[in-house]
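Beneath this line is the structure, given in structure tokens, with notes to follow.
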Amino acid sequence: MPSKAGTTRLVIVESPAKAKTISGYLGPGYVVEASFGHVRDLPRNAADVPAKYKGESWARLGVDVDNGFHALYVVSADRRQQISKLVKLSKEVDEIFLATDEDREGEAIAWHLVETLKPKVPVKRMVFHEITKPAIQAAVANPREIDRDLVDAQEARRILDRLYGYEVSPVLWKKVMPKLSAGRVQSVATRIVVERERQRMAFRTAEYWDILATLAVANAGEGPRTFNATLVALNGDRIATGKDFEPTTGRVRAGAGVVHLDEGGARGLAARLEGRPFTVTRVEEKPYRRRPYAPFITSTLQQEAARKLRLSSQQTMRTAQRLYENGYITYMRTDSVNLSETAISAARRQIVELYGERSVPPEPRRYTGKVKNAQEAHEAIRPAGDNFRTPGEVAKELSAEEFKLYELIWRRTIASQMTDAVGSSVSVRIRAVSTSQEEADFGATGKTITDPGFLRAYVESSDDENAEAEDAERRLPTLVKDQPLTADELAAQGHHTQPPSRYTEASLVKALEELGIGRPSTYASIMQTIQDRGYVTKRGQAMIPTFLAFAVIGLMERHYPRLIDYDFTATMENELDEIAGGDHAAVDFLTAFYFGSANGAGDQDIARSGGLKKLVTENLSDIDARSVNSIPLFTDDDGREVVVRVGRYGPYLQRELPGGEQQAAASASTAASASGAASASGEESGPQGDRAPIPEGLAPDELTPEKVHELFLGGSGERKLGDDPATGEPIVLKSGRFGPYVSSGERKSSLLRSQTPDSLSLEEALRLLSLPRLVGVAPDGVEVFANNGRYGPYVKQGEEFRSLESEEQMFTVTLDEALTLLAAPKTRGRRAAAPPLREMGVDPLTEKPLVIKDGRFGPYVTDGEFNASLRRGQTPEALTIEEASEMLADKRAKGPGPRKKAAAKKAPAKKATAAKKATATKKTAAASKSTAAKKTTTAKATSTTAKKTPAKKATPRKAASSTE
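Under our numbering, residues 43 to 1006 are what the sequence shown spells out, in order.
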């Protein structure tokens, strides 16, 4: 669309992709340019703080807490060139339109652009929730001013997170481990995951049995002849099911009033019911009706994309961002389920075209959200435009991930305006009397869908993979009261109670939303942050907390419980919403939070305690680092307390030595220093006890007494195998950094790959200690040895090495065989291409076959086009298809890496020039050696000094931006 005659306008958006799409909808007279996201922010570290502020007491925070919480903003180094370009353009135009996203974050970016560019021409705010030509033209025709209330709310959130992170994180550095971070929302999200793992650790399974009867009707008529019914009551008392057991004991809950059948009881009852008549005692039929699901908001989109497409929150939002910027969907960060009248009309028209008029209800459906203060945007996520394009119409324009996500959004939107699914549900009770006169009641339920309605377009998935789909039917024969039945089969069935499922990204987002914590723009970053910080790892879709997370959350719960309280965090969100609505002043809110207040502003518990600053600085010495970094597991059969310690080099198991040995160890360790970041965990102080490393990848709830016993057998819990008959010295099984080994005196030898610590015998240990084995002396007088090394068994003569085919050959290879091997040329690099380590199957996203191969730098997964190295802790055997698909999707999103330029061929240099270069090279090499020598001397001096001088406290700048 042309601008006013002679008027030139600069339209600023966040991304080049968005700029490209919008520029196509605006005619001459418009210049569309990207800011590349945020143009300025609080300083990330001390180096970012301008020189004139470095001496200020508040400089480390980047916020002048003593003068109205004035924020110090600096332009990001990677944005300076673009800012210069925007400044230049702003001087060449007559008007500026700020077309950043319509949420608080977009409003804040618009304000920062004004503050940074300082334009001399009029500035207007241009907002839209979809990038289509009509929407863009309407936004240009109806601009508004920047909403300062939204800006204040976003700035208050940013400052709040900075104060929380930069004040609480140093406590973690001193008491847990350097460079850790705390965050107002990330710490609460971590707590949710930790609490679920605690429940799993405390869980005790219970076994219970029932009977599954296959019953038949004499004259079935319409419907099936047989159906299944489950034993539900015996002599009027309900049969125990999983919900009747106490999860921490595995026993039936007190007062449950149920019959707990074991295997013998169930099988005996089934035998006594054999051949007995069964009679229908009750039939209840009710109408079934299911309303459609509301259109997607940010959280529900992330949940369904995780369930159906196996996408992480970040993958979902990254893909949705591309769909939005290219005009396929509306704005994707929203907590409103509302649809515009235009969207409702478009959906209803398309339903008639695709499913017929009977699938459209008489009146349009309107939805109200459950999210309090839903105001991030004004509409749900839906296909863009006045007429929705079907997935088939856009298939050739989108990538695999984009197409599947668009189809998901399209189906959900269409389904939201369709008719209800209707049918009938029936509940049946059947009774049989055993040969011992026991009254056994069986139950069966059925569901019949007569009109699927919206289920034709969309069926929501469940976090419970065993849950029945909503469109599934369970058909029963037509039954009436007192109808006789016969039992074709009576099968006793055993069941075990299951621990609560671990959170997935989808279910964690749902939990945060239900608690009122976080907002649409923050969910994906929260999921990524808690993984990047080392607090949570993923196994498939499941989120598993690390023991580091246990230590951090334990410290917060004991000493700063209010800071990770769910209600407190939700209240903070509500107060920020009030600031956005103009009902609350940001300065009052921040003052009450940081300094405390008696005027009723802010959180009362924090305010009455004197605010955050006083809370984290007082009583810091009362926090016992050793206690914080100790996670109790259980007391073993010998009365020893087994704990997990979070140490400098990772978590490890420890069980306290009994009696006098423990006291002796405690006395011996009292001289150890517990100060400074290096010993923050307190692992050098207190009783040493018996230790064993925890294998990487082992989940906390997998540390059962049996597993712990196994780890101590093969861990650093020393076990004496016997005495060496030749020397009389004890032979001890130990565990070191690189795994279990045996030692006797000065001799040590690692266990072979085929050996396990718990089954190692004295004879096998003596054999290991014979390594390296002298095979013999070669004709030239050089000794030949057989030994085990990092890359497996080998023979050695001087500096020549050759690999052996098996570990057993170390003990059996003869001198002649060894010399033959050593005489043969090395075969490295001449092997044929190795077969794949594992064929995984088809990628659910691209439908390409995935295989795991062994590469130069370790195993990697590939689809033939993109490769992704396995991450630390992942193994070819345990990697799931979902993990592999996610890793390759990330690779595809990043695009191909930059190609290395081929070195240009140079003409032969003249001899004189070559001589000069050679001389220069020699001088440079000499200078390098001299410099290296100086550095070595300096390093030695520094090392000596470090031993004498106590470690310095970690400075705030080490946190960088990790604390928000």
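Glycine included, each C-beta is placed from N, C-alpha and C at the ideal position.
**Message:** Three Cβ pairs or more, each shorter than 8 Å: is that satisfied between the stretch 352 to 365 and the stretch 514 to 525?
**Reply:** no
**Item:** Option in 91, 216, 259 with minimal Cα separation from residue 319
**Value:** 259
**Prompt:** If you draw a straight line from the C-alpha of residue 1007 to the C-alpha of residue 639, how long is it?
**Reply:** For the chain, the structure presents residues 43 to 1006; residue 1007 sits outside this window and is missing.
**Message:** Cutting at 6 Å between CB atoms, please list the residues of its own chain near residue 608, excluding the five before and the five after it.
**Reply:** 557
**Prompt:** Exposed or buried, residue 328, counting other C-beta atoms within 10 Å across all chains shown (16 or more means buried)?
**Reply:** exposed
**Request:** Taking only the alpha-carbon atoms, compute the straight-line gap between residue 600 and residue 880 and give it to the nearest angstrom.
**Result:** 47 Å
**Message:** Report the CB separation of residue 370 from residue 448 in whole angstroms; it is logged as a contact under 8 Å.
**Reply:** 6 Å
**Prompt:** Would you say the stretch 735 to 752 touches the stretch 677 to 693, given that touching needs at least three Cβ pairs under 8 Å?
**Reply:** yes
**Request:** Take residue 566 and list the residues in its own chain whose beta-carbon comes closer than 6 Å to its own, dropping the five residues that flank it on each side.
**Result:** 355, 356, 359
**Request:** Decide yes or no for the touch test of the stretch 652 to 670 against the stretch 232 to 242: beta carbon pairs closer than 8 Å, at least 3 of them.
**Result:** no
**Prompt:** Which value, in whole angstroms, describes the spacing of the CA atoms of residue 523 and residue 322?
**Reply:** 5 Å
**Prompt:** Which partner residues does residue 910 have in the DSSP bridge list?
**Reply:** 903
**Prompt:** For residue 343, which of 424, 380, 187 has the nearest alpha-carbon?
**Reply:** 424
**Cα-Cα separation between residue 377 and residue 910, rounded to whole angstroms** = 35 Å
**Prompt:** Span of the beta strand (DSSP E) holding residue 674?
**Reply:** 672 to 677
**Item:** Contact the stretch 243 to 257 vs the stretch 453 to 468: 3+ CB pairs below 8 Å
**Value:** no
**Prompt:** Would you say the stretch 61 to 76 touches the stretch 96 to 104, given that touching needs at least three Cβ pairs under 8 Å?
**Reply:** no
**Message:** Please list the terminal residues of the continuous alpha helix (DSSP H) segment that includes residue 559.
**Reply:** Where residue 559 is concerned, there is no enclosing alpha helix (DSSP H), given that its DSSP letter is neither H nor E.
**Nearest to residue 687 (by Cα), restricted to the options 669, 676, 681** = 669
**Item:** Range covered by the beta strand (DSSP E) that runs through residue 250
**Value:** 249 to 258
**Request:** Check the C-beta distance from residue 755 over to residue 799 and give it rounded, since I have them as a contact under 8 Å.
**Result:** 5 Å
**Collapsed DSSP secondary structure at residue 171 in the structure displayed** = coil
**Message:** Considering only the alpha carbon of each residue, which of 769, 392, 801 lies closest to residue 812?
**Reply:** 769
**Prompt:** Ordered along the chain, which non-local residues of its own chain (more than five positions away) have a Cβ less than 8 Å from that of residue 56?
**Reply:** 76, 77, 78, 79, 142, 143, 148, 151
**Request:** Can you check DSSP and say which residues form a bridge with residue 157?
**Result:** Residue 157 is not bridged to any residue.
**Asked** alpha helix (DSSP H) containing residue 234: first to last residue?
**Response** 228 to 244
**Request:** Return the chain-ordered list of same chain residues with a C-beta closer than 8 Å to the C-beta of residue 436, the five sequence neighbours on each side being excluded.
**Result:** 370, 445, 448
**Prompt:** How is the alpha helix (DSSP H) around residue 858 delimited, first residue to last?
**Reply:** 857 to 865
**Message:** If you measure between the beta carbons of residue 256 and residue 531, is that distance less than 8 Å?
**Reply:** yes
**Item:** 3 or more residues per run - each beta strand (DSSP E) lying fully within the stretch 580 to 626
**Value:** 584 to 587
**Request:** Using DSSP bridges, identify the partner residues of residue 372.
**Result:** 172
**Asked** Can you tell me the Cα-Cα spacing of residue 575 and residue 222, whole angstroms?
**Response** 7 Å
**Prompt:** Span of the beta strand (DSSP E) holding residue 463?
**Reply:** 463 to 475
**Item:** For residue 824, the nearest candidate out of 838, 832, 890, 153 (CA to CA)
**Value:** 838
**Prompt:** Would you say residue 401 and residue 495 are within 8 Å of each other, going by their C-beta atoms?
**Reply:** yes
**Asked** Among all the DSSP beta bridges, which residues are the ones paired with residue 888?
**Response** In DSSP, residue 888 forms no bridge with anything.
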